[in-house]
Structures are given as C-alpha cells and as structure tokens.
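**Student:** Here you go, one structure.
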Amino acid sequence: MSKIFKTALQRVLKHEGGYVNDPRDTGGETNFGITKTTARSYGYTGSMKDIPMDVVERIYKAMFWDAMSCDNFHFAVGFQLFDAAVNHGLLNARRILQRAVSVKDDGVIGPVSLAAIRAQPIFSLINLFNSERIAFYTRIPNFNIYGKGWMNRMSENLRYVAEDMA
Numbered sequence: 315m316s317k318i319f320k321t322a323l324q325r326v327l328k329h330e331g332g333y334v335n336d337p338r339d340t341g342g343e344t345n346f347g348i349t350k351t352t353a354r355s356y357g358y359t360g361s362m363k364d365i366p367m368d369v370v371e372r373i374y375k376a377m378f379w380d381a382m383s384c385d386n387f388h389f390a391v392g393f394q395l396f397d398a399a400v401n402h403g404l405l406n407a408r409r410i411l412q413r414a415v416s417v418k419d420d421g422v423i424g425p426v427s428l429a430a431i432r433a434q435p436i437f438s439l440i441n442l443f444n445s446e447r448i449a450f451y452t453r454i455p456n457f458n459i460y461g462k463g464w465m466n467r468m469s470e471n472l473r474y475v476a477e478d479m480a
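Residue numbers (my numbering): 315 to 480.
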C-alpha cells in the first residue's frame with residue numbers, strides 16, 4: 315500500500331481508536347473504526363476484538379479510500395474525503411462534497427460535480443467541505459453525546475490541512 319494511503323490511515327486510526335461496543339452508537343460493535351457490519355460485508359467473520367490489522371488496512375483501502383477515488387485528489391483533499399467517508403459513510407461524504415461546491419447533492423460524483431470540484435482552489439474546497447461537514451455533524455440526533463469528540467476530530471483535521479498545504 316502506498317505511503318500516502320498509510321499516512322491517511324494512520325490519521326484515521328488515531329481518530330477511531332480501538333474496540334468499542336457502545337449501545338448508544340448506531341454503528342454497533344466496532345474496532346479500529348470498522349463496524350461489524352462493514353467487516354462482515356468485506357468477508358471477515360472473526361471476532362471484532364481480534365480483527366487483524368492487515369484486514370483493517372484492506373477494508374479501509376478498498377471500501378473507503380478507493381471507493382472515494384482519494385488518489386485522484388491532492389492529498390489534503392483526499393484525506394478529508396477519506397476521513398468523512400469513514401465517519402459518515404460513502405454516500406454522505408459524497409453529498410457533503412457536493413453541497414460544498416453547490417451542486418445537486420445526489421451522492422453521484424459525475425461530470426457536473428467533478429467540474430465544480432475542479433473549479434475550486436484546493437484550500438477553498440477543503441474549507442467549504444469541512445464547513446459542510448461540521449454542519450452535517452450538528453444535525454445528527456446524538457450530537458449531544460458524541461459532538462465534542464466529533465469536533466475534536468474536525469479540529470485535528472484542520473491541523474492536518476495546515477500541514478498538508480504547507
């Protein structure tokens with residue numbers, strides 16, 4: 315796996331942490347940010363507590379990084395898209411991106427969306443995307459439970475933007 319993906323994955327894993335089974339979390343049983351449902355859909359059948367790191371890496375690469383075409387963007391943008399896909403799901407991440415560039419938020423990144431994305435300077439695109447992402451978080455019903463953690467995640471991501479754009 316590429317060094318770029320490994321860097322993005324290290325960041326996401328820092329956000330996601332280890333094994334969690336919080337009954338208040340709609341994601342259910344999770345390890346390294348991978349839900350049991352996602353692991354099963356990828357073909358992993360073992361205990362979530364014991365999911366091997368190589369499986370975690372392959373899931374993140376195939377189901378999030380590649381699915382969002384993150385390699386096709388400047389790393390600063392690709393990482394933000396990757397993190398959003400992990401935290402919000404692919405459809406929501408795509409819709410957030412579309413709202414950031416003021417196109418129909420149907421979750422399909424086609425020619426119209428791509429043209430609007432490419433028309434934005436990278437720094438503006440990232441700021442618009444993260445602004446939409448914060449707004450998305452605040453509309454989640456359990457924001458009162460998890461909101462502080464999500465805002466900490468966004469704060470760290472804004473630091474990554476500064477690092478990635480330097």
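The beta carbon of each residue, even a glycine, is placed where N, CA and C say it ideally should be.
As the structure is a computational prediction, the values presented were derived from the model and not from experiment.
1) Go through its chain and collect everything with a Cβ distance to Asp419's Cβ below 6 Å, but skip five positions before and after it.
2) What does the Cβ neighbour count give for Asn345, buried or exposed, with the cut at 16 atoms within 10 Å?
3) Keeping to the same chain, check which residues put their C-beta closer than 8 Å to that of Val326; ignore five residues upstream and five downstream.
4) Under 8 Å: do the region 361-377 and the region 319-333 share three or more Cβ pairs, one atom per stretch?
5) Closest to Ile459 by C-alpha separation, out of Lys320, Arg473, Ser316, Thr340, would be which residue?
6) Would you call Asn456 buried or exposed, if buried means 16 or more other Cβ atoms sit within 10 Å of its Cβ?
7) Please give the ranges of any alpha helix (DSSP H) in the region 417-452, keeping only runs that are unbroken, at least 4 residues long and fully inside the region.
8) Expressed to the nearest angstrom, what Euclidean distance is found between the alpha-carbon atoms of Asn471 and Gly357?
9) In angstroms, rounded to a whole number, what distance separates the CA positions of Ala480 and Thr359?
10) Please report the Cβ distance between Met382 and Ala353, rounded to the nearest whole angstrom; I am assuming they are in contact, meaning their Cβ atoms lie under 8 Å.
11) Quick one: is the Cβ of Ala449 within less than 6 Å of any heavy atom of the ligand FAD?
12) Between Glu371 and the rest of its own chain, which residues show a CB-CB distance below 7 Å, the 5 nearest in sequence each way excluded?
13) To which residues of the same chain is Gly342 closer than 8 Å at the C-beta, ignoring the five residues directly before and after it?
**Tutor:** Checking against the coordinates, here is how it stands:
1) Closer than 6 Å at the Cβ level, and outside the excluded window around Asp419, lie Arg409, Gln412, Arg413.
2) By the neighbour-count rule (16 or more Cβ atoms within 10 Å), Asn345 is buried.
3) Correct list, in chain order: Gly347, Tyr374, Phe396, Asp397, Val400.
4) Under the Cβ criterion (8 Å, minimum of three pairs), the region 361-377 counts as touching the region 319-333.
5) If we check each option's Cα against that of Ile459, Thr340 comes out closest.
6) So Asn456 counts as exposed.
7) With a minimum length of 4 residues, the continuous alpha helix (DSSP H) runs that stay inside the region 417-452 are 425-433, 436-452.
8) Their Cα atoms are separated by approximately 30 Å.
9) Cα atoms of Ala480 and Thr359: separation of roughly 42 Å, rounded to the nearest angstrom.
10) Actually they are not in contact, since the Cβ atoms of Met382 and Ala353 sit about 19 Å apart, beyond 8 Å.
11) This structure lacks the ligand FAD; in fact it carries no ligand of any kind.
12) Excluding positions up to five away in sequence, the list reads Met315, Leu323.
13) Within the same chain, Gly342 has close Cβ partners Asn335, Thr349, Lys350, Thr351.
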